[in-house]
Amino acid sequence: MIADISPLPAGWIESGRPLEIDVGCHKGLFLAEMAALYPDRNFLGIERQAKRVERTNRKIQRLEMRNAAVICGEGHETLRSLPSRVADHIHVLFPDPWPKRRHHIRRLIQPSFIETCLRLLRPGGLLRLVTDDEPYARDVRLHAATVPELVECPDDREYPLTEFQKKFLVDGRPVYALILRKPGND
Numbered sequence: 001m002i003a004d005i006s007p008l009p010a011g012w013i014e015s016g017r018p019l020e021i022d023v024g025c026h027k028g029l030f031l032a033e034m035a036a037l038y039p040d041r042n043f044l045g046i047e048r049q050a051k052r053v054e055r056t057n058r059k060i061q062r063l064e065m066r067n068a069a070v071i072c073g074e075g076h077e078t079l080r081s082l083p084s085r086v087a088d089h090i091h092v093l094f095p096d097p098w099p100k101r102r103h104h105i106r107r108l109i110q111p112s113f114i115e116t117c118l119r120l121l122r123p124g125g126l127l128r129l130v131t132d133d134e135p136y137a138r139d140v141r142l143h144a145a146t147v148p149e150l151v152e153c154p155d156d157r158e159y160p161l162t163e164f165q166k167k168f169l170v171d172g173r174p175v176y177a178l179i180l181r182k183p184g185n186d
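The numbers in this note's numbering rise by one with no breaks, and the one at position 51 of the sequence shown is 51.
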């Protein structure tokens, strides 16, 4: 399935405003909180489940957020449909880890996905990958090493907690984050 990005307002992605992309935005809670915290930035959510997209779009309209939008599509395919060098941040928060080895091919974060993110990031842009699954986190780090143009870096920015992250904190489960930066604009 290839995403149709036509529902976005004309020129919204190319507006010149910083753009953050939330891949697999689930119910849109993180997306809406980020849009409220940073009204000078645009936020694009990508979600494959149409009901979640509809719910998130209603929330965006109810809150009159002009800097947030969500589209329905598979994460990687949707990213491929976007123009190059448009994103300042790409967030991939708690993607399905597909823990069985025979299902690993279904995982979102593969070397080709990271290459696509590299193409989309502007110089100085960040790719933020977060999971609660330690084996998946190790594999993500190995995949990231195949793209030397992205370098691991700290990220001191504070982010709203996702629904999953809140649950994991209550359960005392660790969360693993990998922040990768595209060099440039130092």
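Ideal Cβ positions, reconstructed from N, Cα and C, are used throughout, including at glycine.
Where do the N-terminal and C-terminal ends of the beta strand (DSSP E) with D155 fall, by residue? From DSSP, D155 is part of no beta strand (DSSP E); its letter is neither H nor E.
Put H43 into one of helix, strand or coil per three-state DSSP. Residue identity differs from the one stated: residue 43 is Phe in this sequence, not His. The answer is strand: DSSP assigns F43 an E or B state.
May I ask you to list the residues that DSSP assigns as paired with V130? L93 and A177
Classify D88: buried if its beta carbon has 16 or more other beta carbons within 10 angstroms, exposed otherwise. buried
Note down, in chain order, each residue of its chain lying with its Cβ closer than 7 Å to the Cβ of A35, except the 5 sequence neighbours on either side. F43, M65, N67 and A68
Indicate the three-state DSSP secondary structure (helix, strand or coil) for C72 in the structure shown. DSSP places C72 in strand when its eight states are reduced to three.
Selected residue, minimal CA-CA separation from D156, among P174, R128 and R138: R128
In or out: I2 buried (at least 16 other Cβ within 10 Å) or exposed? Any reading at I2 is ruled out, since the residue's pLDDT is 46, under 50, leaving its predicted position unreliable.
What does a CB cutoff of less than 8 Å around E115 pick up in its chain, not counting 5 residues either side in sequence? V147
On the premise that V23 lies in contact with I105, defined as a C-beta separation below 8 Å, what is that separation, rounded to the nearest angstrom? Not quite, the Cβ-Cβ distance comes to about 18 Å (not below 8 Å), so this is no contact.
Rounded to whole angstroms, what is the Cα-Cα separation between T162 and I109? 19 Å
Taking V175 as the reference, which of K182, K166 and R181 has the closest Cα? K166
Taking 6 Å as the limit between beta carbons, can you name the residues of its chain near L121, skipping five residues before and five after? Same-chain partners within the cutoff: A87 and K182.
With respect to the beta strand (DSSP E) encompassing L37, which residues constitute its N-terminal and C-terminal limits? Per DSSP, L37 belongs to no beta strand (DSSP E); it is in the alpha helix (DSSP H), L29 to L37.
Cutoff 6 Å; reference V92; Cβ partners in own chain excluding five residues on either side: V23 and L129
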